[in-house]
Amino acid sequence: MSGLFLSFEGGEASGKSVQAQRLAERLMAEGRAVVAVREPGSTPVGERVRDIVLHAQEIPLGANAQALLYSTARAQLVRDVIRPALAAGKVVIVDRFYDSTLAYQGYGHGADLAQLRAVTDFAVGDTRPDRTLLLDLPLDAAEQRAATRKPGRAWDRFEAEARAFHERVREGYLRLAAAEPRRFAVIKADRDIDAVAADVWREVEALLPATTLTPP
Ligand code: TMP
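Numbering (my numbering), first residue to last: 487 to 702.
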């Protein structure tokens, strides 16, 4: 594989979607070939899974079932989008990847981590991020941001969870990052967008291979 694979991770309201978009725009402005996707989503099955797992209030889902649904979406995204893009030498940016399953279903809901890793191996094979940008936001800041979001947003299975759940997710992410310090960059997210974007850029810039430049 000759491209570059980057994933963004973080809790609710950490700003990772904005940062993923900013990074994609900056890379494209430099003439890089970029594919930016979100999880779950970005394939037909991924978008269906997103609806069920996030917004279908009438459908009960245990942690293991959630993990399998996310992994279904992930397997298809890897096969149809991520692998071909990396093979073509592009920069692939994912807004969430398998660390979300470990943090939310594993640390958050208590699903068995070793089993979640086995499911993840099955879903992604050796397609692993080169670098993972973890936007770390203290819970108080996350709650303040969430309170200013638009009223009338669709019900969300995860935003509806109690604070203790989100504390476990945050703690889980920090443990994952500590266990793989070469892959993870932990970025403080309780700052303004430009300051966070500058840190993201510093992490990514050094990794950019010449292959990701689009030919003139
Ligand atoms: P977001 O893209 O707006 O962050 O929404 C995705 C939600 O889905 C978020 O609450 C985290 C959750 N999620 C998991 O619980 N496990 C996963 O594997 C993924 C990809 C997302």
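Even for Gly, the Cβ is constructed at its ideal location relative to N, Cα and C.
Assumed close pair residue i, residue j - CB separation to whole angstroms, cut-off 8 Å
i	j	result
R560	A609	5 Å
R622	G496	Correcting the residue type first, residue 622 is Asp in the shown sequence and not Arg. Right, their Cβ atoms sit about 7 Å apart.
L693	L490	6 Å
T606	Y590	Not quite, the Cβ-Cβ distance comes to about 13 Å (not below 8 Å), so this is no contact.
R536	G548	R536 to G548, Cβ: 18 Å. No contact.
Residue i beta carbon near the ligand TMP (any heavy atom closer than 8 Å)
i	result
F765	Residue 765 falls outside the range modelled here, since the chain spans only 487 to 702, and no answer is possible.
R582	yes
P526	yes
Y556	yes
A665	no
F651	no
F670	no
Y590	yes
V577	no
G594	yes
V539	yes
Residue i versus residue j - alpha carbon distance
i	j	result
R617	Q552	25 Å
A671	P530	31 Å
T558	S493	18 Å
R534	E525	11 Å
A595	L588	It should be noted that the sequence gives His, not Ala, for residue 595. Using only the alpha carbons, I get a separation of about 10 Å.
W641	A696	43 Å
R481	R668	For the chain, the structure presents residues 487 to 702; residue 481 sits outside this window and is missing.
E645	D612	31 Å
Y659	G517	33 Å
D566	Y556	15 Å
V655	G592	8 Å
A573	V564	12 Å
R661	K576	30 Å
Burial state of residue i, where buried means 16 or more other Cβ atoms lie within 10 Å
i	result
G532	buried
P615	buried
K674	exposed
K636	exposed
A499	buried
D678	exposed
Where residue i falls: helix, strand or coil (DSSP)
i	result
D598	coil
F651	helix
K576	coil
T558	helix
F644	coil
I673	strand
A519	coil
Contact test: residue i Cβ vs the ligand GTP heavy atom, cutoff 8 Å
i	result
R560	The ligand GTP is not part of this structure, which contains only the ligand TMP.
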